[in-house]
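**Q** Dumping the structure here so I can ask a few things about it.
Numbering (the numbering used here), first residue to last: 1 to 396.
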């Protein structure tokens with residue numbers, strides 16, 4: 001990306017001050033780098049190019065810090081990602097030293113942070129396009145697909161019959177069923193993450209707290225320093241910024257107590273998948289997966305994993321090489337081949353309701369599902385290209 005920005009500066013001059021033109025050029029020069037394009041577009045959107053251009057040399061270091069802080073606060077961006085993109089522009093403009101040493105750091109940050117680009121509801125699917133607008137397809141009986149006027153969206157979430165969209169300014173849009181007040185989120189500000197489970201909506205705020213709306217009416221007053229949310233049977237899991245876990249649930253049987261004790265002892269966690277019947281699987285910062293109350297080497301054959309997604313009776317893993325595999329929650333069950341074994345160049349995966357979306361590195365979405373709804377059915381998995389529905393990263 002450093003070389004691409006330098007080329008843009010040489011060949012297109014001050015185009016980096018125009019978000020739409022920059023995005024169009026990046027789509028042509030860096031089609032396989034959708035995450036990096038998002039970071040660059042975000043920087044241009046806060047007028048970062050012109051800010052650096054007009055900053056005196058003796059004030060550059062301060063301007064760099066302020067711009068990085070602006071990115072983290074405006075777009076809920078990882079601090080490392082924000083600093084990286086600021087330095088990239090500084091290099092392209094001849095204002096700072098080479099930033100290539102930061103490239104390896106940012107790759108892991110970018111690849112492990114899908115930022116809610118797509119979401120699967122019970123009967124509908126939602127995704128964000130490259131210009132911040134939203135596309136939805138599927139059942140619209142509760143108007144859960146009425147997202148045509150949404151703009152500047154950085155994350156989406158989908159429940160049974162409602163949809164949430166997080167705007168770049170930290171406000172939340174909602175549409176669909178409001179039978180349990182799950183759409184009553186418009187008054188919130190400084191929201192950094194949105195999640196939807198069934199008839200519930202959960203919003204993570206900039207101060208690390210979380211608020212829940214909807215059917216279950218979770219009390220999340222004990223959650224603090226939260227970076228993400230995962231569903232737990234009859235409850236919620238808060239993934240803290242330090243990689244630890246917080247838990248709110250209504251389960252009290254002995255098996256659940258052991259599982260909860262294991263979860264609360266986990267650290268360096270990136271993602272959590274939890275089911276009623278198959279227990280919990282976590283993805284650690286070491287890019288490995290772990291199963292509750294099982295030896296650390298339970299899934300030892302699978303490593304270098306950057307994303308996981310729940311499929312109800314199984315789960316999907318995305319490896320750093322862009323390939324995807326479907327695994328049973330119990331290691332001893334067979335893992336027959338599925339069509340997702342043929343997927344390549346995948347940047348992120350999104351699971352739910354026994355369906356799987358794969359975001360390719362060139363900005364298209366693939367969908368996989370079964371006719372029966374069961375992964376191990378004789379009919380196997382069917383794959384369709386749906387880039388016509390969701391042109392994520394596609395040129396206008």
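Glycine included, C-beta positions come from ideal geometry on N, C-alpha and C.
#1: By the 10 Å Cβ neighbour count, where 16 or more other Cβ atoms means buried, how is residue 293 classified, buried or exposed?
#2: Assign residue 201 to one of three DSSP states: helix, strand, or coil.
#3: Along the chain, which unbroken stretches of the alpha helix (DSSP H) at least 4 residues long are found entirely within the stretch 192-274?
#4: Using only CA atoms, which one of 193, 296, 137 lies nearest to residue 286?
#5: May I ask you to report which of helix, strand or coil DSSP gives residue 55?
#6: Helix or strand or just coil, what does DSSP make of residue 68?
#7: Throw me the rounded Cβ distance for the residue 90 and residue 64 pair, which I believe falls under 8 Å.
#8: Is the separation between the beta-carbon of residue 182 and that of residue 199 shorter than 7 Å?
#9: With residue 46 as the anchor, note down where its beta strand (DSSP E) starts and where it stops.
#10: Any contact between the stretch 273-284 and the stretch 318-326? By contact I mean 3 or more CB pairs, one from each, below 8 Å.
#11: If I measure Cβ to Cβ from residue 19 and keep anything under 7 Å in the same chain, skipping five residues before and after, which residues do I get?
#12: With DSSP as the reference, identify every bridge partner of residue 338, one or two as the case may be.
#13: Apart from the five residues on each side of it in sequence, which residues of its chain come closer than 8 Å, Cβ to Cβ, to residue 289?
#14: So, for residue 341: in the same chain, excluding its five sequence neighbours on each side, which residues have a beta-carbon less than 6 Å away from its beta-carbon?
#15: List in chain order: all unbroken beta strand (DSSP E) runs of 3+ residues lying wholly within the stretch 290-355.
#16: With DSSP collapsed to three states, give me the class of residue 74.
#17: Is DSSP giving residue 87 helix, strand or coil here?
#18: Compute the distance between the beta-carbons of residue 269 and residue 237, then report whether it is under 7 Å.
#19: So, is residue 160 buried or exposed, given that buried needs 16 or more other C-beta atoms within 10 angstroms?
#20: Taking buried to mean at least 16 other C-beta atoms within 10 Å of its own C-beta, is residue 164 buried or exposed?
#21: Taking residue 324 and residue 346 to be in contact with their CB atoms under 8 Å, please state how far apart those CB atoms are, rounded to whole angstroms.
#22: Beta-carbon of residue 137 versus every beta-carbon of chain D: anything under 7 Å?
#23: Output the distance between the C-alpha atoms of residue 356 and residue 311, rounded to the nearest integer angstrom.
#24: If we count the other Cβ atoms within 10 Å of its Cβ and call it buried at 16 or more, is residue 258 buried or exposed?
#25: What's the C-alpha gap between residue 235 and residue 143?
#26: Are residue 172 and residue 154 touching if we call contact CB-CB under 7 Å?
#27: Any idea which residues DSSP pairs residue 172 with across the strands?
#28: DSSP puts residue 128 in a beta bridge; with which residues?
#29: Determine the burial state of residue 81: buried for a count of at least 16 other Cβ atoms within 10 Å of its Cβ, exposed for fewer.
#30: Can you tell me which of the three DSSP states residue 179 falls into?
#31: My understanding is that residue 30 touches residue 4, with C-beta atoms under 8 Å, so please give their C-beta distance in whole angstroms.
#32: Taking 7 Å as the cut-off, decide whether the C-beta atoms of residue 126 and residue 158 are in contact.
#33: Quick check on this structure: which residue in 246, 277, 184 has the alpha carbon closest to the alpha carbon of residue 267?
#34: For residue 162, which residues of its own chain have a beta-carbon under 6 Å away from its beta-carbon, when the five flanking residues on both sides are left out?
#35: Are the CB atoms of residue 205 and residue 212 within a distance shorter than 7 Å?
**A** Once the coordinates are examined:
#1: Residue burial is scored here from C-beta neighbours: residue 293 has fewer than 16 other C-beta atoms within 10 angstroms and is therefore classed as exposed.
#2: strand
#3: 254-265
#4: 296
#5: coil
#6: helix
#7: 7 Å
#8: Cβ atoms of residue 182 and residue 199: closer than 7 Å.
#9: Taken as a continuous stretch (DSSP letters only), residue 46 belongs to no beta strand (DSSP E), as it is neither H nor E.
#10: no
#11: 41, 44, 45
#12: DSSP lists no partner for residue 338.
#13: 281, 282, 283, 299, 302, 305, 308, 317
#14: none
#15: 305-310, 315-319, 324-327, 346-352
#16: helix
#17: helix
#18: Cβ atoms of residue 269 and residue 237: not closer than 7 Å.
#19: buried
#20: buried
#21: 6 Å
#22: Included in the structure is just one protein chain, with no chain D present.
#23: Looking at the backbone, the Cα of residue 356 and that of residue 311 are separated by about 7 Å.
#24: exposed
#25: 27 Å
#26: No, these two residues do not count as a Cβ contact at 7 Å.
#27: In DSSP, residue 172 forms a bridge with 166.
#28: 134
#29: That one is buried.
#30: coil
#31: 5 Å
#32: Yes; because the gap between Cβ atoms is below 7 Å, this pair is in contact.
#33: 246
#34: 144, 176, 177, 182, 183
#35: By the CB criterion at 7 Å, residue 212 and residue 205 fall outside the cutoff.
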